[in-house]
Structure formats: structure tokens, C-alpha cells
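Per our numbering, residue 93 is the first one in the sequence shown, and the count goes up by one each step.
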Amino acid sequence: MKTSSKVITAGGAGEIKQWSPPNMRASEVDVDEIDGSGSPLTADQLEQIQKAAYEEGFEQGRKEGFEYGHNEALAKGRVELTATVNRFDQLMALLDRPLQQLDDQVEHELIEMVISMVRQLVRREVRTDPEQIIGVVREALSILPVSSRGIRVVLHPEDATLVRRIYELSENELGWKIIEDPVVARGGCRILTESSQVDATLESRLASLIAPLLGDEREQETA
């Protein structure tokens with residue numbers, strides 16, 4: 093085996109530099125400067141950093157979610173409002189149409205509502221002022237011919253008592269006889285004679301009030 097050696101000449105010796113080990117202390121100083129506090133982070137500090145990052149992310153997500161939900165609610169509200177306005181416009185257009193052009197069902201419901209109101213008003217008036225029966229009896233008797241005989245006034249028992257008390261006369265002095273009939277509703281009466289009769293019951297009077305509302309077709313049905 094041959095051994096080779098390299099001889100450094102005097103001219104090459106000038107290029108040789110002295111090697112020095114790195115400064116390890118300088119590296120430690122750099123690490124401390126990066127840390128900023130000169131000591132490693134504790135568990136509490138790490139937890140606080142994690143919590144702050146979580147809260148920041150949660151708040152950002154909440155804002156984005158609120159904006160999305162708010163926009164969605166506004167869009168839904170606009171749709172519902174538009175539908176309500178359209179329905180209101182349809183109802184107003186329906187009210188502007190003449191009665192004869194209304195739908196049959198709507199017309200029927202309106203008439204029934206008016207009839208119910210008339211009945212309630214008449215019956216309430218009878219309850220609050222029962223002495224109105226006196227006027228009803230007088231009006232019914234006035235329709236009879238002067239020559240009528242055997243006049244009988246059919247009344248509800250309570251109305252019959254009221255009439256007798258107000259007149260305070262006997263049936264002979266009245267010139268007509270009172271007949272009590274619980275079937276006759278309070279506030280009305282029937283007048284019977286030997287040759288004619290007058291229907292002044294509450295039902296008959298209500299029918300005369302309601303007839304103009306029903307029209308010719310309804311009058312033919314009840315005839």
C-alpha cells in the first residue's frame with residue numbers, strides 16, 4: 093500500500109484561517125428574545141391563549157350567523173307581507189263589487205248575519221221593555237174590521253198578566269177575551285175573530301222586517 097501526503101508550500105500557507113467554535117451563548121440570548129419574558133409559557137398562559145382564540149372564533153361565527161339569520165328573516169318577512177297585502181287587495185276588490193255580483197255563498201252568509209242581528213235586536217228590545225206588547229196588541233186590533241165579533245187575543249202567559257194589569261179592566265169592559273198560550277213568544281200575539289185573524293207574533297213581524305233583504309227569489313221559496 094502506498095502512502096501519499098500533501099505538502100503545503102509556503103505560498104499556500106497564507107490562505108489557512110484559524111477555526112473558532114460557535115458562540116452557544118448568543119443562541120440562548122436569541123431564544124430568550126423570541127420568548128419575550130425570559131421564561132417558558134406556563135399551563136395557565138397556554139389555556140388563556142387557547143380560550144382567547146376560541147372566543148374570537150366564536151364571536152366571528154356568531155356575527156356571520158346573525159347576519160345570515162337576519163337576512164333570511166327579512167326575506168321571509170317580505171314574502172309574508174306581500175301575501176297579506178295581496179289578500180287584502182282581493183278583499184277590497186270584493187267589497188267594491190255590487191251585491192248581485194258577489195259569490196252566492198258570500199251573499200248567503202251576509203244575509204244570514206243581518207237576519208240574526210235583527211232577531212237579536214228585536215228580542216232584546218222585548219226583554220228590556222216588555223210593555224211594548226201593549227202597542228203590539230193595539231196595532232193588531234186596529235187592523236180588524238169594526239164589525240168584528242168574538243175577538244180573542246192570544247198571548248204568552250207573562251204578557252197576558254202584564255196586559256191585564258195595565259188595562260185593569262175586566263174582559264167584558266175590554267171588549268175582547270185574553271187567551272194564554274205559552275207557545276206564543278213574548279212580544280207578540282195572535283188576534284182571532286169569528287171571521288178573520290191577525291198574526292202579530294214575533295216571528296211574523298221578524299219575517300216582515302227580513303223579507304226586503306231576501307229578495308224576490310227568497311220570497312217565492314217561503315210563499
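Positions of the beta carbon are idealized from the N, C-alpha and C atoms, including for glycine.
6 angstroms CB neighbourhood of residue i in its chain, flanking five on each side removed
i	result
Ile235	Val290
Ile207	Ile302
Asp273	Val246
Ile243	Trp268, Thr285
Glu265	none
Thr220	none
Glu217	none
Cut-off 7 angstroms between Cβ atoms - residues of its own chain near residue i, not counting five sequence neighbours on either side
i	result
Ile270	Val245, Leu247, Ala252, Val255, Arg256, Glu263
Leu298	Val210, Arg211, Val214
Glu250	Arg278
Pro304	none
Arg241	Thr285, Glu286
Nearest-angstrom Cβ-Cβ length linking residue i and residue j, presumed shorter than 8 angstroms
i	j	result
Ile225	Gly279	6 angstroms
Ala277	Glu295	7 angstroms
Collapsed DSSP secondary structure at residue i in the structure displayed
i	result
Asp221	coil
Ala118	Any answer about Ala118 is weak, because its pLDDT of 46 lies below 50 and its placement is not dependable; what the coordinates show is given next. The answer is helix: DSSP assigns Ala118 an H, G or I state.
Residue from the options whose Cα sits closest to the Cα of residue i
i	options	result
Ile74	His200, Gln140, Gln197, Pro237	Residue 74 lies beyond the residue range present for the chain, which begins at 93 and ends at 315; the question has no answer from this structure.
Pro222	Asn178, Ile258, Met205, Leu202	Ile258
Cys281	Arg241, Ser239, Glu265, Val229	Val229
Ser288	Glu172, Leu233, Gln140	Leu233
Cβ neighbours of residue i in the same chain (closer than 8 angstroms, five flanking residues each side left out)
i	result
Thr293	Val276, Ala277, Gly280, Cys281, Arg282
- Query: Counting only runs that start and end within the stretch 223–311, where is the beta strand (DSSP E) found for 3 or more residues in a row?
  - Reply: Taking only runs of at least 3 residues, the beta strand (DSSP E) segments lying wholly in the stretch 223–311 are 244–247, 269–272, 281–284, 289–292.
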